[in-house]
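One structure below.
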Amino acid sequence: MTKPNSPDRFSEEHATYTVRGSDAPDLEVGVKAIRDVVRTLPVRPGVYRMLDAKGDVLYVGKARSLKNRVTNYTQVARLTKRLQRMVAQTRGLQIVTTNNEAEALLLEAQLIKRYRPPYNVLLRDDKSFPFILLREDHAYPRVQLHRGARRHKGQYYGPFASAGSVRTTLTALQKLFLLRSCTDSFFANRSRPCLLYQIRRCSAPCVGRIDEAGYAELIDDAKDFLSGKSTKVQQKLGKLMSEAAEAMDYELAAVYRDRLRALTFIQGSQAIHAERVGDADIFALACKGGTMGIQAFFIRGGQNWGARSFFPAHTNDVPEEEVLSSFLVQFYEEVPPPRLILLDREMGERALLEEAFGERAGRKVEIKVPQRGEQRRLVAQAKRNAEEALDRRLAETSTQARNLRALADLFELPEPPNRIEVYDNSHVQGTNAVGAMIVAGPEGFRKNSYRKFNIRNPETVPGDDFAMMREVLGRRFARLEKEDPDRSKGDWPDLLLIDGGKGQLSAVCEVMEDAGVHDIPVVGVSKGPDRNAGRETFHLPNGRDFQLPPNDPVLFYLQRLRDEAHRFAIGAHRTMRAKSISASPLDDVPGIGPNRKRALLMHFGTARAVRNAALDDIAKVPGISRATAQGIYDYFHPRG
9 MTKPNSPDRF SEEHATYTVR GSDAPDLEVG VKAIRDVVRT LPVRPGVYRM
59 LDAKGDVLYV GKARSLKNRV TNYTQVARLT KRLQRMVAQT RGLQIVTTNN
109 EAEALLLEAQ LIKRYRPPYN VLLRDDKSFP FILLREDHAY PRVQLHRGAR
159 RHKGQYYGPF ASAGSVRTTL TALQKLFLLR SCTDSFFANR SRPCLLYQIR
209 RCSAPCVGRI DEAGYAELID DAKDFLSGKS TKVQQKLGKL MSEAAEAMDY
259 ELAAVYRDRL RALTFIQGSQ AIHAERVGDA DIFALACKGG TMGIQAFFIR
309 GGQNWGARSF FPAHTNDVPE EEVLSSFLVQ FYEEVPPPRL ILLDREMGER
359 ALLEEAFGER AGRKVEIKVP QRGEQRRLVA QAKRNAEEAL DRRLAETSTQ
409 ARNLRALADL FELPEPPNRI EVYDNSHVQG TNAVGAMIVA GPEGFRKNSY
459 RKFNIRNPET VPGDDFAMMR EVLGRRFARL EKEDPDRSKG DWPDLLLIDG
509 GKGQLSAVCE VMEDAGVHDI PVVGVSKGPD RNAGRETFHL PNGRDFQLPP
559 NDPVLFYLQR LRDEAHRFAI GAHRTMRAKS ISASPLDDVP GIGPNRKRAL
609 LMHFGTARAV RNAALDDIAK VPGISRATAQ GIYDYFHPRG
């Protein structure tokens, strides 16, 4: 069987069918374009992409038989209004053939994620899920939060619903098993235990307070705990506590007692008890007023690893079963499927989904709609949570819509804004300067659209907020003009909010004037006297300034937008500052990557010692050749 991520897994037809014609939607032209392609289609599995006149992807679909499936789009009377609108915009198709329908399903998910087509159901929350990583590339493995690609050697446990869930579990692991969480360089340079040892959250292997065998035993216990064998761990700790008490080593017995209490607290704090379920994901869908919400529970080893609500986009006129199916395929594009997936309804493509997920996971995956017992109870709980989350979402959306309408009235906008961009800067006396942009719309904050801008223009004077704002907005609009000059992708803002007074507002207006942008409203928001919330002043480009009543709902909404931009800017600044503090002179040495840097620090202890070392001493470091050593020495000792 071809590997799931193999580059030669799918064979793509080289023909891209494009039909010249008007850009305006035309149902007859769209049907003709599809019919022209149908004549050449094979009767085999694959994926098709509907393209508009510009070549942008309108829709991605998969089929057991490409010819039969695409032919359905020519039967206009049987199509929903949504699909008729899509066909009217279609001017060509792009075809990819696959070996079977399961492969087509997986490829469909990849392409939907890549192109984000407007007529596909989209998983709106595309933020990666956090995992716990138990590193195995060190004699004393480290436990840490992990997102993204799995490049490190070790055991990955997850997914967790949020970083907060991971941090709670990491704290539990530290209290229970005294595992280290520090970096390898920090570990290598300790001469005495850190504070975590003093508060009994680390066994201090860095200074030899525990040997390698003893630490390996703690790692095994942690793996048992994360795999759901918490009862085994509890019995072991109870036995050790009793033995220590019988030997009258009451201090050690107290340590085991505290670890037992931590374990008992974790077991008692689980909002969902699923000891007999093992590894499973649970999904339930709720629908009200044309809006759909999906609730997910993540169970691993019988433990609750959190829950998350999702609200897929583009679900109008789409059957609930199709929404759930499309959601699952996109969800498991990034997350490895568990052995068991529990749903609140039957799926027409259940066998196909099982085959595709099993192929992706490399083992059997079962999709089940339980009818009784504990599994049925868990699905019912997910269903109840889905309905409650959807009710909250609808209430928030209603409030959001009122706020946006009021905002349009306040700033005399032609219609409620669909995309609001808010800008702020953060720095400390000009150092580590960073600009930040957050985005909000009818659905709330769009966190996947947030952007940070490192201030890098040498002409920008450190600490000059006006120049920083000019640089940030200049780069932003230059990119918009390059990537979306005709404003068709929805990335252009309908309203700009600037955290600042007349000076910042003037700088932004200069940038927009230079860019030739005259139709985007701009508002400056300056803090009141003594920076009191509720006394903000709003500045308009025409010179008008005004304040809102302290209890005005629109003021509260604008404060939320401003505070979110402030939070994001400060977070970006702190991240940059932390990197600059932890930066090493070795980072700039040509030819020195992470492995050689680690070898040098392990050998010499500090970067200063490397700088002062003789050439022969540098050449003795494992992994450092004589030529590399010469390069390092010459970098720190340039010949004048």
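Just so we're on the same page, this note's numbering is the position in the sequence shown counted from 1, plus 8. Backbone N, C-alpha and C define an ideal beta-carbon position, used for all residues, glycine too.
Quick check on residue i: does DSSP put it in helix, strand or coil?
{"i": "residue 393", "result": "helix"}
{"i": "residue 641", "result": "helix"}
{"i": "residue 244", "result": "helix"}
{"i": "residue 350", "result": "strand"}
{"i": "residue 226", "result": "helix"}
{"i": "residue 516", "result": "helix"}
{"i": "residue 214", "result": "helix"}
{"i": "residue 46", "result": "helix"}
{"i": "residue 583", "result": "helix"}
{"i": "residue 287", "result": "coil"}
{"i": "residue 256", "result": "coil"}
{"i": "residue 630", "result": "coil"}
{"i": "residue 250", "result": "helix"}
{"i": "residue 576", "result": "helix"}
{"i": "residue 38", "result": "helix"}
{"i": "residue 55", "result": "strand"}
{"i": "residue 278", "result": "Note that residue 278 has pLDDT 48, beneath the 50 cutoff, so the model's placement of it is unreliable and the number below is only indicative. Note: residue 278 maps to coil in three-state DSSP."}
{"i": "residue 231", "result": "helix"}
{"i": "residue 153", "result": "strand"}
{"i": "residue 449", "result": "strand"}
{"i": "residue 321", "result": "strand"}
{"i": "residue 647", "result": "coil"}
{"i": "residue 720", "result": "In this structure the chain extends from 9 to 648, so residue 720 is not present and cannot be described."}
{"i": "residue 623", "result": "helix"}
{"i": "residue 293", "result": "strand"}
Within the continuous alpha helix (DSSP H) that includes residue i, where are the two ends?
{"i": "residue 317", "result": "Segment 311-318 is the beta strand (DSSP E) holding residue 317; no alpha helix (DSSP H) there."}
{"i": "residue 102", "result": "Element bounds for residue 102: not the alpha helix (DSSP H) but the beta strand (DSSP E), 100-105."}
{"i": "residue 172", "result": "171-185"}
{"i": "residue 337", "result": "328-339"}
{"i": "residue 612", "result": "602-612"}
{"i": "residue 168", "result": "Element bounds for residue 168: n/a, residue is neither H nor E."}
{"i": "residue 619", "result": "615-620"}
{"i": "residue 206", "result": "203-206"}
{"i": "residue 196", "result": "192-196"}
Going by beta-carbon coordinates alone, are residue i and residue j separated by less than 8 angstroms?
{"i": "residue 328", "j": "residue 293", "result": "yes"}
{"i": "residue 140", "j": "residue 179", "result": "no"}
{"i": "residue 412", "j": "residue 424", "result": "yes"}
{"i": "residue 461", "j": "residue 480", "result": "yes"}
{"i": "residue 446", "j": "residue 365", "result": "no"}
{"i": "residue 508", "j": "residue 534", "result": "yes"}
{"i": "residue 463", "j": "residue 476", "result": "yes"}
{"i": "residue 349", "j": "residue 289", "result": "yes"}
{"i": "residue 192", "j": "residue 146", "result": "yes"}
{"i": "residue 578", "j": "residue 502", "result": "no"}
{"i": "residue 175", "j": "residue 210", "result": "no"}
{"i": "residue 390", "j": "residue 352", "result": "yes"}
{"i": "residue 242", "j": "residue 268", "result": "yes"}
{"i": "residue 302", "j": "residue 394", "result": "yes"}
Just confirm the distance between the C-beta atoms of residue i and residue j, as a whole number of angstroms; I'd bet it's less than 8 angstroms.
{"i": "residue 152", "j": "residue 158", "result": "About 13 angstroms separates the two Cβ atoms, so there is no contact after all."}
{"i": "residue 368", "j": "residue 130", "result": "Going by Cβ atoms, the distance from residue 368 to residue 130 rounds to 20 angstroms, so no, they are not a contact pair."}
{"i": "residue 71", "j": "residue 56", "result": "7 angstroms"}
{"i": "residue 652", "j": "residue 170", "result": "Coverage of the chain is limited to positions 9 through 648, which leaves residue 652 absent and any answer about it impossible."}
{"i": "residue 253", "j": "residue 181", "result": "Contact doesn't hold; Cβ gap of about 25 angstroms is too wide."}
{"i": "residue 597", "j": "residue 643", "result": "5 angstroms"}
{"i": "residue 74", "j": "residue 94", "result": "About 17 angstroms; that fails the 8 angstroms criterion."}
{"i": "residue 516", "j": "residue 504", "result": "7 angstroms"}
{"i": "residue 285", "j": "residue 382", "result": "7 angstroms"}
Please list the terminal residues of the continuous beta strand (DSSP E) segment that includes residue i.
{"i": "residue 367", "result": "Residue 367 -> not in any beta strand (DSSP E); alpha helix (DSSP H) instead, spanning 358-369."}
{"i": "residue 163", "result": "162-165"}
{"i": "residue 534", "result": "530-534"}
{"i": "residue 8", "result": "Any answer about residue 8 is impossible in this case: the structure gives the chain only from 9 up to 648."}
{"i": "residue 374", "result": "374-376"}
May I ask whether a heavy atom of the ligand GTP can be found less than 7 angstroms away from the beta carbon of residue i?
{"i": "residue 550", "result": "For the structure depicted, the ligand GTP is absent and the ligand set is empty, with no information on it obtainable."}
In chain order, which beta strand (DSSP E) runs of at least 3 residues are fully inside the region 118-150?
-> 139-143
Please go through the region 60-97 and give each complete alpha helix (DSSP H) segment of 4 or more residues, from N-terminal end onward.
-> 74-79 and 89-97
Along the chain, which unbroken stretches of the alpha helix (DSSP H) at least 4 residues long are found entirely within the region 404-443?
-> none
Only counting runs of 3 or more residues, tell me where the beta strand (DSSP E) segments fall wholly within the region 451-528, in order along the chain.
-> 459-462 and 503-507
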